[in-house]
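Numbering (our numbering), first residue to last: 1 to 436. Input: a single structure, listed below in structure tokens.
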Ligand code: ATP
Ligand code: MG
């Protein structure tokens, strides 16, 4: 027997009825983004590998070990290209914005939704294909846009009914401030080299800031005593941070200052933030972001400040489930019972008209071949009931002979009577079938 075909490890099918939750979340996001005037951007899933190496940073988990990269076949004229399935979308957005000169007439507010790919160890809340929704504001320097983005996320949690989150914020300052801190931090960590784990030792000279982010319990005391980046920030960086905090306070958004929050990607400066929950185990970050004022220039664009965040869709939905949120149960307005296959052409015409008028109708269709017939009325009514529809439309021979269809309420009490409706005037009675 042939090998059983399965999905790739760490990559999941999103099936009904669960997919209804995804569609609902996406529709809430779209509505919210439009109120905050963020416009949708869609970039390709495949990009040149060097885009991510240059933006995310060579010594990051993502670039070091998590990317799905391959060499494309050479075409007739060119060399083979090194391509990568996007592990995140900010780099691609910056590329697209630069390549298409989108900032020529001022800043842009953009959002995206879609799959990202990282070769990580699959576990709850951590997959190899996962989905992010992200918002990016490019061309704006002030903390009010950092605040706007955080408020947008807070509004999203509210509209989704998500309550178990907290907001952690920090400032990474500017590159010169980071350089001074870095030297002191390396000195401190070298003095305590015996307490460093293997990963920390590897990072000591390449990316020491990331060591502060360690989840290793044995190193907590060490990193808690390390020099804090915030103490190296100058007046301007501090003013930006204070500005953000004042705007969050004015909006009643609770935050905690986490001096060890650094983020996993290299390109951040000034404000960084994470929305975290305690209810998803160690995969507790549901949304993360910050400023990346130098990335556009670094990617070859005209210098432009920028700030953004990305949320993990799987984790947000997992948290909603954890909180007991109900699954949306889409049910049709009506179910078409069709006793005789000969009437199908007429039935389809009626259903087409109903759907044009905004009614959702499920058509009975038998599983077997045409010769086996449509199935008994009893079995069709059973299906009508199972569909959750509020009405059955009965296209019986007698009704059709009168140019009508029988509309039978399925969910109302016994007093609710079946009525005959004329096929010639669907638009007139269609509205009576729709959800009030
Ligand atoms: P983590 O520390 O959990 O690995 P990260 O710092 O790598 O997260 P980002 O690159 O900032 O994550 O991505 C933003 C969000 O995307 C995360 O906060 C998380 O919710 C989600 N996310 C990241 N990686 C995964 C993954 N492998 N599976 C599911 N969601 C993910
Ligand atoms: Mg990660």
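For glycine and all other residues, C-beta sits at the position ideal for the given N, C-alpha and C.
Tell me, which residues are paired with residue 303 by DSSP? Paired residue(s): none; residue 303 is not in a bridge.
At which residue ranges does the segment 355 to 406 contain complete alpha helix (DSSP H) runs of 4 or more residues, listed in the order of the chain? Runs of the alpha helix (DSSP H) inside the segment 355 to 406: 377 to 387, 397 to 401.
Beta carbon of residue 61: closer than 7 Å to some heavy atom of the ligand MG? Relative to the non-hydrogen atoms of the ligand MG, the Cβ of residue 61 comes within a distance shorter than 7 Å of at least one.
Measuring only from the beta carbon, is residue 291 closer than 7 Å to any heavy atom that is part of the ligand ATP? With a threshold of 7 Å, the Cβ atom of residue 291 does not count as near the ligand ATP, since no heavy atom of the ligand is closer than that.
Using a threshold of 8 Å, state whether the C-beta atoms of residue 308 and residue 136 are closer than that. The Cβ atoms of residue 308 and residue 136 lie closer than 8 Å to each other.
Inspect the CB distances between the segment 178 to 190 and the segment 47 to 67 and report whether three or more fall short of 8 Å. No, because fewer than three Cβ pairs between the segment 178 to 190 and the segment 47 to 67 fall closer than 8 Å, the two stretches do not touch.
Those residues which DSSP pairs with residue 85 across a bridge: Paired residue(s): 46, 68.
Kindly confirm or deny that the segment 8 to 21 and the segment 77 to 84 touch, where touching means at least three C-beta pairs closer than 8 Å. In short, these stretches do not touch, since the Cβ pair count stays below three.
By DSSP, does residue 411 sit in helix, in strand, or in coil? In the three-state scheme derived from DSSP, where H, G and I count as helix and E and B as strand, residue 411 is classed as coil.
Contained alpha helix (DSSP H) runs [length at least 4] in the segment 233 to 264, N- to C-terminal order: Along the segment 233 to 264, the alpha helix (DSSP H) occurs as fully enclosed runs of 4 or more residues at 235 to 250, listed in sequence order.
Hey, out of 339, 369, 410, 360, whose CA is closest to residue 380's CA? Nearest of 339, 369, 410, 360 to residue 380, Cα basis: 339.
Which residue's Cα is closest to the Cα of residue 320: 336, 53, 25? Residue nearest to residue 320 within the set 336, 53, 25 is 25 (criterion: CA-CA distance).
Cα-Cα separation, residue 441 to residue 51: Because the chain here runs from 1 to 436, residue 441 falls outside it and cannot be looked at.
Looking only at its chain, what residues have a beta carbon closer than 8 Å to the beta carbon of residue 46, apart from the 5 residues adjacent to it on each side? Result list for residue 46: 83, 84, 85, 86, in chain order.
How should residue 311 be labelled, buried or exposed, when 16 other C-beta atoms within 10 angstroms of its C-beta is the threshold for buried? Burial call: buried.
Please check the pair residue 403 and residue 433, which I expect to be a contact at CB under 8 Å, by giving their CB distance rounded to whole angstroms. So it is not a contact: roughly 18 Å between Cβ atoms.
So, is residue 249 buried or exposed, given that buried needs 16 or more other C-beta atoms within 10 angstroms? It counts as exposed.
How about residue 317 and residue 306: do their beta carbons lie closer than 8 Å? Not a contact, by the Cβ cut-off of 8 Å.
Put residue 181 into one of helix, strand or coil per three-state DSSP. Of the three classes helix, strand and coil, the one that applies to residue 181 here is helix, per DSSP.
Would you mind stating whether residue 408 and residue 389 have Cβ atoms separated by less than 8 Å? Contact annotation: residue 408 and residue 389 have beta-carbon atoms that are not nearer than 8 Å.
Hey, would you say the C-beta of residue 288 is under 7 Å away from at least one heavy atom of the ligand ATP? Yes.
Rounded straight-line distance, which links the Cα of residue 240 to that of residue 272: Roughly 12 Å between the two C-alpha positions.
Spatial neighbours of residue 395 within its chain, please: CB distance less than 6 Å, with the 5 preceding and 5 following residues excluded, ordered by chain position. Here the set comprises 338, 343, 347, 405.
Let me know the secondary structure DSSP gives residue 34 once reduced to three states. Residue state, collapsed to three classes: helix.
Three-way DSSP call (helix, strand, coil) for residue 416 in this model: If DSSP states are grouped into helix, strand and coil, residue 416 belongs with coil.
Please report how far the alpha carbon of residue 373 lies from the alpha carbon of residue 355, in whole angstroms. Rounded to whole angstroms, residue 373 and residue 355 show a C-alpha spacing of 25 Å.
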